[in-house]
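Trainee: My questions will all concern the structure given below.
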Amino acid sequence: MKYLFYIFLFIFITSCGGDKVILLPEVNHSEVTEVLDISPAYIFYDETKPDSLELNRKNLISTTNWLVNVDKRLTLEQVIPQITYLQNKKKDSNHKKEGVKNYYTCSDTSIKNLGFLEFTDVNYITDVDAYENNSPLEKDMKHITISFFDEQISIQELLNAKEIRNTTLKNSFLEEELNKIQQDNAKTKIDLMFHSELTFQDYISAKSKVSRIKSEAIAINNDEFIF
114 MKYLFYIFLF IFITSCGGDK VILLPEVNHS EVTEVLDISP AYIFYDETKP DSLELNRKNL
174 ISTTNWLVNV DKRLTLEQVI PQITYLQNKK KDSNHKKEGV KNYYTCSDTS IKNLGFLEFT
234 DVNYITDVDA YENNSPLEKD MKHITISFFD EQISIQELLN AKEIRNTTLK NSFLEEELNK
294 IQQDNAKTKI DLMFHSELTF QDYISAKSKV SRIKSEAIAI NNDEFIF
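Using my numbering, you'd call the opening residue of the sequence shown number 114 and step up by one each time.
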């Protein structure tokens, strides 16, 4: 395990290629503020590199909790292939340890320190048309799809395969809509869809808010769609 020097809003990394900086995505609340037994990966924003990013995974150990540090300026189109690659490397490793998890490192503005957002069980689906849903909805179970765009969210709501709501709102209304879903207390499945041009900051902001849903009646699909 390596002890790293972290700074609140960004991370300095010193390597043989010189100093590098990652601007961390910011959240205003994180449920996880400490992770032990870790190894880090870094995805840098670097305009001189192909796809404007650089992945450094040389310190990763498959039997530890992984902290993935992603520069918030990168888009999902740039980042997701690298994240999927890392997930597959861990899954396919010959050396595995039960219970270890994967986290994104964030800057938590509420505590002026680091926070962590787990993504261990998230599957990123980039070929939406080829996706097969093997989990049919129960009768009288709502199916809500929230699609995230640059400055808007689209919410489609189905009940027994019939559309009962379809609306587009500004991103600022997301928390209000999530509160309504929880207060409804109906059995609900939520799918999340993210536009590929969203920044990693946009993604983390949305995920942080969705992760606060704490209702046994609501199931959030681990398959996340990038379109």
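Glycine residues also receive a C-beta, built at the ideal position from the N, C-alpha and C atoms.
Could you tell me the boundaries of the beta strand (DSSP E) in which Pro-153 lies?
Mentor: Residue 153 sits at position 40 when you count from the first residue of the sequence shown. Taken as a continuous stretch (DSSP letters only), the beta strand (DSSP E) holding Pro-153 covers 151-158.
Trainee: Flag Leu-271 as yes when its Cβ comes closer than 7 angstroms to any non-hydrogen atom of the ligand SAM, and as no otherwise.
Mentor: Among the components of this structure there are no ligands whatsoever, and the ligand SAM is therefore not found.
Trainee: Where does Tyr-316 fall in DSSP's three states?
Mentor: Taking the first residue of the sequence shown as 1, we reach residue 316 at position 203. Of the three classes helix, strand and coil, the one that applies to Tyr-316 here is helix, per DSSP.
Trainee: Please list, in chain order, all residues of the same chain as Asp-221 whose beta carbon is under 6 angstroms from its beta carbon, the five residues on each side excluded.
Mentor: The count along the sequence shown starts at 1 and reaches residue 221 at position 108. Contacts found: Val-140, Ser-143, Gly-228.
Trainee: Helix, strand or coil: which one does DSSP assign to Ala-332?
Mentor: One-based indexing of the sequence shown puts residue 332 at position 219. Here Ala-332 sits in strand by DSSP.
Trainee: Does any CB atom of chain C fall closer than 8 angstroms to the CB of His-256?
Mentor: In the structure shown, chain C does not exist; there is a single protein chain.
Trainee: In this structure, does DSSP put Asp-221 in helix, strand or coil?
Mentor: Walking along the sequence shown from the start, residue 221 turns up at place 108. Here Asp-221 sits in strand by DSSP.
Trainee: From which residue to which residue does the beta strand (DSSP E) around Tyr-237 run?
Mentor: Counting from 1 along the sequence shown, the entry for residue 237 is found at position 124. Segment 236-238, the beta strand (DSSP E) holding Tyr-237.
Trainee: Beta-carbon separation of Val-148 and Thr-176 under 8 angstroms?
Mentor: Your numbering for residue 148 matches position 35 in the sequence shown. Your numbering for residue 176 matches position 63 in the sequence shown. Not a contact, by the Cβ cut-off of 8 angstroms.
Trainee: Between the alpha carbons of Tyr-198 and Phe-338, how many angstroms are there, rounded?
Mentor: On the sequence shown, residue 198 is found 85 positions in, with the first residue counted as 1. On the sequence shown, residue 338 is found 225 positions in, with the first residue counted as 1. Cα-Cα distance, rounded: 16 angstroms.
Trainee: Quick one: is Gln-296 buried, meaning 16 or more other Cβ sit within 10 Å of its Cβ, or exposed?
Mentor: As a position in the sequence shown, residue 296 is number 183, starting the count at 1. Exposed is the call here.
Trainee: Please classify Asn-169: does DSSP put it in a helix, a strand, or coil?
Mentor: Reading the sequence shown from its first residue, position 56 is the one you call residue 169. The answer is strand: DSSP assigns Asn-169 an E or B state.
Trainee: Could you name the residues of the same chain whose beta carbon sits closer than 7 angstroms to that of Thr-239, not counting the 5 residues immediately before and after it, in chain order?
Mentor: The sequence position of residue 239 within the sequence shown is 126, counting from 1. Counting only Cβ-Cβ distances below 7 angstroms, and skipping sequence neighbours, we find Ile-193, Ile-339.
Trainee: Can you tell me the Cα-Cα spacing of Met-114 and Ile-196, whole angstroms?
Mentor: Stepping through the sequence shown from its first residue, residue 114 is reached at position 1. Stepping through the sequence shown from its first residue, residue 196 is reached at position 83. Bear in mind that a pLDDT of 42 at Met-114, under 50, signals an unreliable position, so the model cannot answer this.
Trainee: Just how far apart, CA to CA, sit Arg-170 and Leu-291?
Mentor: For the purposes of this step, residue 170 is taken as residue 57 along the sequence shown, with counting starting at 1. For the purposes of this step, residue 291 is taken as residue 178 along the sequence shown, with counting starting at 1. Distance between the alpha carbons of Arg-170 and Leu-291: 35 angstroms.
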